[in-house]
Structures are given as structure tokens and as C-alpha cells.
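In this note's numbering, the protein residues as written are 41 to 198.
Take a look at the structure:
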């Protein structure tokens, strides 16, 4: 199973996880979580304007760092079969590993699929953009960005 994921974080220089979203290729499995204890003072101006206003919509998905780590690990471990993670940024990969305190569940493959170069494909980009347009959502929300990556992937495969 492929799990597409995205993260939102404070800043490229003082990087700290704010939120994470994952979705399976078939769309049947989703995970979303926000941190309640990220350092707001570490947020860049861009993050304050583009990311922070999108937070807090699902109060039951807001966790401390430790609780998010447990929730994410348990959710991943509960999925059947081998899991290939897919993301478009090394920052996302590093933040997911950090959220899991460096310990992947046994069913998760250690090396994620990098989608970084997929954005050069106009078919991928069109399908990803269509997801945002069709659903009336904006980028820079971890779950919607993960769903957008999934849409791009599926669009590219026809």
C-alpha cells in the first residue's frame, strides 16, 4: 500500500512539526493530526499567514508531541500489508521520522518514495490542482496536500 503524506512546519531554519496528513492510494485510510504544543514564535511569517489559519478545524485531532507520536505509530502499525510512504519533500520525510521518534512500525518500508520530481510533470500538476479546485480547499493544509499528492499520482497513472 502506498501512503501519501505531507507535513506543515514552523520554518525551514527552525523546523518543528505543526501538522501531518496521510492518505492511502485507494483513499480508504486517512490520518490527520495537529500539534498543540508547537512553538508559535518559531513560525515564519508565511506559516502564520498561510498555515495557522487552517488549523483547529478538527479539535479531536489535536495532540501534544508525545500523543501525536503514539497515535501515528498505532495507526500505521494497524494497517495491513507493507507500506510505502510517498512525499514530495525531504523535510516531510524527516519530520515524519521525528514524529515517530525514529522508530517505524515493522510494516512500513524504511525508504519513502520521493515525489519531488513529479511536480515537473504537467499531468501530475493538473490532477493535483484539480483536487484543490474540485474540493474548494487551499494548499498548506497537511491532509489536503497529501490528498493532492494522491490525486496527482492517480492522474498520472490515467
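Note that CB positions come from ideal geometry on N, CA and C, so glycine has one too.
Those residues which DSSP pairs with residue i across a bridge
| i | result |
| --- | --- |
| residue 70 | 63 |
| residue 81 | Paired residues: none, contrary to the question. |
| residue 154 | 127 |
Three-state class that DSSP yields for residue i in the structure shown
| i | result |
| --- | --- |
| residue 46 | strand |
| residue 114 | helix |
| residue 57 | strand |
| residue 88 | helix |
| residue 148 | strand |
Extent of the continuous alpha helix (DSSP H) to which residue i belongs
| i | result |
| --- | --- |
| residue 125 | It is not in any alpha helix (DSSP H) - residue 125 instead sits in the beta strand (DSSP E) that spans 124-127. |
| residue 98 | From DSSP, residue 98 is part of no alpha helix (DSSP H); its letter is neither H nor E. |
| residue 185 | 182-196 |
Environment of residue i [buried if 16+ CB atoms lie within 10 Å]
| i | result |
| --- | --- |
| residue 87 | buried |
| residue 98 | exposed |
Residue i beta carbon near the ligand GDP (any heavy atom closer than 7 Å)
| i | result |
| --- | --- |
| residue 153 | No copy of the ligand GDP appears in this structure; indeed no ligand is present at all. |
Residue i versus the options, residue with shortest Cα-Cα distance
| i | options | result |
| --- | --- | --- |
| residue 167 | 184, 176, 61 and 191 | 191 |
| residue 129 | 74, 182, 77 and 113 | 182 |
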